[in-house]
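Worksheet: the structure to be examined is printed underneath.
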Amino acid sequence: MAETQHIIDEIQKLAAEHFKVAADHVAPDDDFFQKLGIDSLQALELLTRLENHFNIELPDYEMQGVVDFRTLADRISQRM
Amino acid sequence: MTKNVKAETLSWSCNEGVIELELHRAPANEIGSQTLADLEAFVEALAELQNEASALIIHSSIDAGFCAGADLRELYQTGKTMGSSDRIAGVREFLNRIHSVLNAIDDLPLTTIAAVHGTTFGGGFELALVCDLIIADKMTRFCFPELRLGLIPGFGGIPRLKRDLGNAVVRDLLLTGRSMNATKGAQIGLVSQLVGEGKSLVAARSTARQILKFDKGTSIAAKRFVKPIPRAELREEIEIFCDLFSRPAVDAGLRRFVESDDPYPYLP
């Protein structure tokens, strides 16, 4: 649980930096498309940043249907 | 002497032995009929330009990336107005024309560099694959998403990726439809230089300056030796594509893509 929370924190920090919003602007259960105002191509930018940061490969199909940071962290933790 | 031409979807220049082709069609350099016409004009201009240069760099000035591939919206909208046989004939003509363009670039007596970033999908990936070198910034993603539409890549991607890297990589990308980041691309030999964000064009220009130091005739001979064009497979690809394109599933896939409110329409 603590590990997942750490991943959530890292994702939120990376997303906030990449899309230039304040870190406290996003929360674990936020729909990141709506909260960050991003489209699918920008979501792929986030995916690339996450892969580079966590040194993993996260195939696109693992992202299908994922819209919130908590679920995204879960997908990442399954690959680490 | 600098020569500059600005077309609707792209621009080119030739300066001190280096030709640069810049893609600049928003939102993501999708390749439709206008881009194809502009690429044909560029290839025509190359007949003269190639005598004044040793290197060609292809890059994008669009933030989203190098190129998101074929213009699926145009393909869908155009196809809606046609009967089945006319649609297939139209697609075949488009494929023959884009293959002529890409084969001409593949076969150029120049060292060619794709300086890529961001989305490099489908036909955009295939455009990069005609170049001798791919220099990618670390935010680049490569993908063949065509299977989600019930198609295979149609701009020569499979034969060229197989030529350069082998069948296992083709199967991985083609059969899963997943995208691959540039770090992975560098690990498997697709990307010749991996650079920081926004640095691919700078690195490509530096590489072009190195290329200019070599005897052009020797570079041409070396390229011809190591980079045969897989013409038979390229022709076969067009036949398979047109056969698949005639199936109802493709029309349904295109409609789903164009009309989708899915937050991930680019994802397989």
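As they're listed, the protein sequences go chains H and S.
Taken in order, the first sequence gives residues -5 to 74; the numbers are from the numbering used here.
Taken in order, the second sequence gives residues 2 to 269; the numbers are from the numbering used here.
Yeah, the Cβ is synthetic: ideal placement off N, Cα and C, and Gly gets one too.
These numbers were taken from a predicted model, which means no experiment stands behind them.
(1) If you check the beta carbons only, do Leu24/S and Cys68/S fall under 8 Å apart?
(2) What in chain H is Cβ-close to Ala65/S, meaning under 8 Å?
(3) Count the other C-beta atoms from every protein chain shown that fall within 10 angstroms of the C-beta of Ser261/S, then say buried if there are 16 or more, exposed otherwise.
(4) Would you kindly check if the distance between the Cβ of Leu57/S and the Cβ of Thr113/S is under 8 Å?
(5) Since Asp216/S and Ala183/S should fall inside the 8 Å C-beta cutoff, what is the C-beta to C-beta distance between them, to a whole number of angstroms?
(6) So if DSSP puts Leu22/S in a beta bridge, which residue, or which two residues, is it bridged to?
(7) Starting from Met57/H, trace the alpha helix (DSSP H) both ways and give me its first and last residue.
(8) Identify which residue in Asn16/S, Asp244/S, Lys228/S and Arg257/S has its Cα closest to the Cα of Ile153/S.
(9) Since Glu39/H contacts His12/H with CB under 8 Å, what's their CB separation in whole angstroms?
(10) Please name the residues in the stretch 178 to 195 of chain S whose beta-carbon is closer than 7 Å to at least one beta-carbon of chain H, in chain order.
(11) Among Asp108/S, Pro160/S, Gly123/S and Ala129/S, which one has its Cα closest to the Cα of Leu148/S?
(12) Which ranges does the beta strand (DSSP E) cover as unbroken runs of at least 3 residues, wholly within the stretch 156 to 219 of chain S, from first to last along the chain?
(13) Using beta carbons (cut-off 8 Å, strictly below), is Glu45/H in contact with chain S?
(14) Across which residues does DSSP place Asn5/S in a beta bridge pair?
(15) Return the chain-ordered list of same chain residues with a C-beta closer than 6 Å to the C-beta of Ala116/S, the five sequence neighbours on each side being excluded.
(16) Shorter than 7 Å, the distance from the beta carbon of Thr141/S to the closest heavy atom of the ligand ZN, or not?
(17) On the three-state DSSP scale, how would you describe Thr141/S?
(18) Report back the beta-carbon spacing between Ala65/S and Ala29/S to the nearest angstrom; my notes put them in contact at under 8 Å.
(19) So what does DSSP say about Ile241/S, is it helix, strand or coil?
(20) State yes or no: is the C-beta of Arg172/S within less than 8 Å of the C-beta of Val131/S?
(21) Hey, could you find the ends of the beta strand (DSSP E) Thr112/S is sitting in?
(22) Less than 8 Å between CB atoms is the rule here; does Glu39/H satisfy it with respect to chain S?
(23) Could you work out which residues of chain S lie near Pro53/H, taking near to mean beta carbons separated by less than 7 Å?
(24) If I follow the unbroken beta strand (DSSP E) through Phe122/S, where does it start and stop?
(25) Please list the partners that Ala29/S has in chain H, where partner means a Cβ-to-Cβ separation under 9 Å.
(26) With a cut-off of 8 Å on the beta carbons, I'd call Leu50/S and Ile20/S a contact; round off their distance for me.
(27) What is the DSSP secondary structure of Ile50/H, counted as helix, strand or coil?
(28) Got a sec: is the Cβ-Cβ distance from Thr1/S to anything in chain H below 8 Å?
(29) Spatial neighbours of Val192/S within its chain, please: C-beta separation below 6 Å, excluding the five flanking residues on both sides.
So, from the data block:
(1) yes
(2) Leu35
(3) exposed
(4) yes
(5) Incorrect: roughly 31 Å between the Cβ atoms, too far for contact.
(6) Trp13/S and Ile59/S
(7) Asp54 to Met57
(8) Asp244/S
(9) 7 Å
(10) Arg179, Ser180, Asn182, Thr184 and Lys185
(11) Gly123/S
(12) 180 to 182 and 194 to 196
(13) yes
(14) Ser14/S
(15) Ile58, His60, Ile136, Ser201, Leu202 and Ala205
(16) Although the ligand ZN was asked about, the structure shown includes no ligands whatsoever.
(17) coil
(18) 4 Å
(19) helix
(20) no
(21) Thr112 to Val117
(22) yes
(23) Thr177 and Arg179
(24) Thr120 to Phe122
(25) Leu35
(26) 5 Å
(27) coil
(28) Any question about residue 1/S goes unanswered here, given that chain S covers just 2 to 269.
(29) Ile135, Ala137, Ala183 and Gly186
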